[in-house]
Amino acid sequence: MSTRHEEVAAFAAGAEAQLSGELAVCAGSCGPGNLHLINGLFDCHRNNVPVMAIAAHIPSSEIGSGYFQETHPQELFRECSHYCELVSSPEQIPQVLAIAMRKAVLNRGVSVVVLPGDVALKPAPEGATTHWYHAPQPVVTPEEEELRKLAQLLRYSSNIALMCGSGCAGAHKELVEFAGKIKAPIVHALRGKEHVEYDNPYDVGMTGLIGFSSGFHTMMNADTLVLLGTQFPYRAFYPTDAKIIQIDINPASIGAHSKVDMALVGDIKSTLRALLPLVEEKADRKFLDKALEDYRDARKGLDDLAKPSEKAIHPQYLAQQISHFAADDAIFTCDVGTPTVWAARYLKMNGKRRLLGSFNHGSMANAMPQALGAQATEPERQVVAMCGD
875 MSTRHEEVAA
885 FAAGAEAQLS
895 GELAVCAGSC
905 GPGNLHLING
915 LFDCHRNNVP
925 VMAIAAHIPS
935 SEIGSGYFQE
945 THPQELFREC
955 SHYCELVSSP
965 EQIPQVLAIA
975 MRKAVLNRGV
985 SVVVLPGDVA
995 LKPAPEGATT
1005 HWYHAPQPVV
1015 TPEEEELRKL
1025 AQLLRYSSNI
1035 ALMCGSGCAG
1045 AHKELVEFAG
1055 KIKAPIVHAL
1065 RGKEHVEYDN
1075 PYDVGMTGLI
1085 GFSSGFHTMM
1095 NADTLVLLGT
1105 QFPYRAFYPT
1115 DAKIIQIDIN
1125 PASIGAHSKV
1135 DMALVGDIKS
1145 TLRALLPLVE
1155 EKADRKFLDK
1165 ALEDYRDARK
1175 GLDDLAKPSE
1185 KAIHPQYLAQ
1195 QISHFAADDA
1205 IFTCDVGTPT
1215 VWAARYLKMN
1225 GKRRLLGSFN
1235 HGSMANAMPQ
1245 ALGAQATEPE
1255 RQVVAMCGD
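Put into structure tokens, the structure is as follows:
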């Protein structure tokens, strides 16, 4: 897919990777073209999606001379990639490409291959192959001893709340069963919305800067908070006196935004599946029922704001109608700003719909580029871009 701006290419590749779960590729011309890639690649990297960027470079013999459009791509892309290498000869290309692709997939982020124009014009090395071994993503589950410690901690905990992020993708069944067993309300972060809120009798809404009062109060009133696959960044929204347990596939996320009393590194689906037989079922629903009551009140207040008016078309009403008339498997993208607010509060997820945005990086004008990538990836599905501010 050709674009008129390299940033669009990077955002579109990120959307493709997020929808497909497979490696996506974008490219940019040298100098300013490299610079234009950066913002979109930051978004891909912070969304933990596998993207490889091919960054063109000036002729090899001119590197370091202050040549027309010269930049230093390896320095430019260092912060928004797991891997960034300059290719100096065709013989390097098969190995560098394979490493870049594997690192993007296995490390869940961006790889960059810097390719000078003169090297790109040379013949491929003899024996080069298009075959690439797709290394499978490992499934990580904590040791049984650690799971037993967690089960014992939960046994003697009361007023438990779950806080769920995008790491809960694919774990809906296990998550709902877990919440039901320990009678815990489920709060979600924005990126957890599409994976958590549907068909969920324990959902009490979102928390954060654009969240629901019910989600905020549930977390604040919890005696024990379990963080599941989330990098929720806002310290002010964490309870100060609760025990906090964190489970995440990325060890670097542990304790990044709050103090942690117990931490396990693991895939959410496999971890919950292994934990469930060890957890003792609770009977007390008082905390859960109060959280659900608060959620019903908060949801009613939001829905009241979306009632039609004879004087103006309010954005709450518009977002609600978009959700109502959109296809059951629609893909939504939303710009940073008020479109994200309306999407978070009024778009209904159902397990088939998807919601994409610049939710970690927070870049403006992301919705249309992501919609282009989504439509190119899923040409048969409806794609709705909520643009503007």
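All the letters of the sequence shown, read from the start, carry residue numbers 875 to 1263 under my numbering.
For each residue, glycine too, the CB sits at the ideal point set by N, CA and C.
Computed from a predicted model, the values in this text were never measured in an experiment.
- Exposure of TRP1006 is indicated by the presence of fewer than 16 other C-beta atoms within 10 angstroms of its C-beta.
- Rounded to whole angstroms, the separation of the alpha carbons of GLU1068 and SER1040 is 8 angstroms.
- The alpha-carbon of ASP917 is positioned some 18 angstroms away from that of VAL987.
- Considering only ALA887, ILE1187, LEU995, the residue with the shortest C-alpha distance to VAL923 is ALA887.
- Distance between CYS1261 and PRO1213, taken at the CA atoms: about 7 angstroms.
- Rounded to whole angstroms, the separation of the alpha carbons of GLN948 and GLY1225 is 40 angstroms.
- The straight-line gap separating the alpha-carbon atoms of GLU1020 and GLY991 is approximately 53 angstroms.
- Checking the DSSP bridge columns, you'll see VAL1061 partnered with MET1037.
- Counting C-beta pairs closer than 8 angstroms gives fewer than three between the segment 1062 to 1081 and the segment 1114 to 1122, which falls short of the contact rule.
- Looking only at ALA1096, PRO1010, ALA994, the smallest Cα-Cα distance to ASN1033 is reached by ALA1096.
- Between the segment 1138 to 1150 and the segment 1180 to 1197, the count of C-beta pairs closer than 8 angstroms stays below three; the two stretches do not touch.
- Inclusion of LEU980 and ALA1009 in the CB contact set at 7 angstroms is warranted, their separation being smaller than that value.
- Taking a contact to require three or more Cβ pairs closer than 8 angstroms, the segment 1244 to 1257 and the segment 1205 to 1212 qualify as touching.
- By the 16-neighbour rule on beta-carbons within 10 angstroms, HIS1091 is buried.
- Per DSSP, THR1212 is one residue of the alpha helix (DSSP H) stretching across 1212 to 1220.
- Check the Cα spacing between ARG878 and each of ALA901, GLN892, ALA891, GLU890: the tightest is with ALA901.
- Bounds of any alpha helix (DSSP H) do not take in SER985; it lies within the beta strand (DSSP E) bounded by 984 to 990.
- By the neighbour-count criterion, in which 16 or more other beta carbons inside 10 Å mark a residue as buried, ALA889 falls on the buried side.
- Secondary structure at TYR957: strand, using DSSP grouped into helix, strand and coil.
- For ASP1077, the uninterrupted beta strand (DSSP E) run begins and ends at 1077 to 1080, by DSSP.
- In the three-state reduction of the DSSP assignment, THR1098 falls in the strand class.
- With a contact defined as Cβ atoms closer than 8 angstroms, PHE885 and PRO1243 qualify at about 3 angstroms.
- Counting along the chain, the unbroken alpha helix (DSSP H) around ILE967 starts and ends at 967 to 980.
- Rounded to the nearest whole angstrom, the C-alpha separation of ALA927 and SER1183 is 47 angstroms.
- For GLY902, DSSP records a beta bridge to ALA929.
- For PHE1090, no pairing in a beta bridge is given by DSSP.
- By the neighbour-count criterion, in which a residue is buried when 16 or more other Cβ atoms sit within 10 angstroms of its Cβ, PHE942 is exposed.
- In its chain, beyond the 5 residues on either side, GLY1041, CYS1042, ALA1045, LEU1102, GLY1103, ILE1121 have a beta carbon closer than 7 angstroms to the beta carbon of ILE1142.
- Residue GLY914 holds the alpha-carbon nearest to the alpha-carbon of VAL899 among VAL1014, GLY914, VAL1050.
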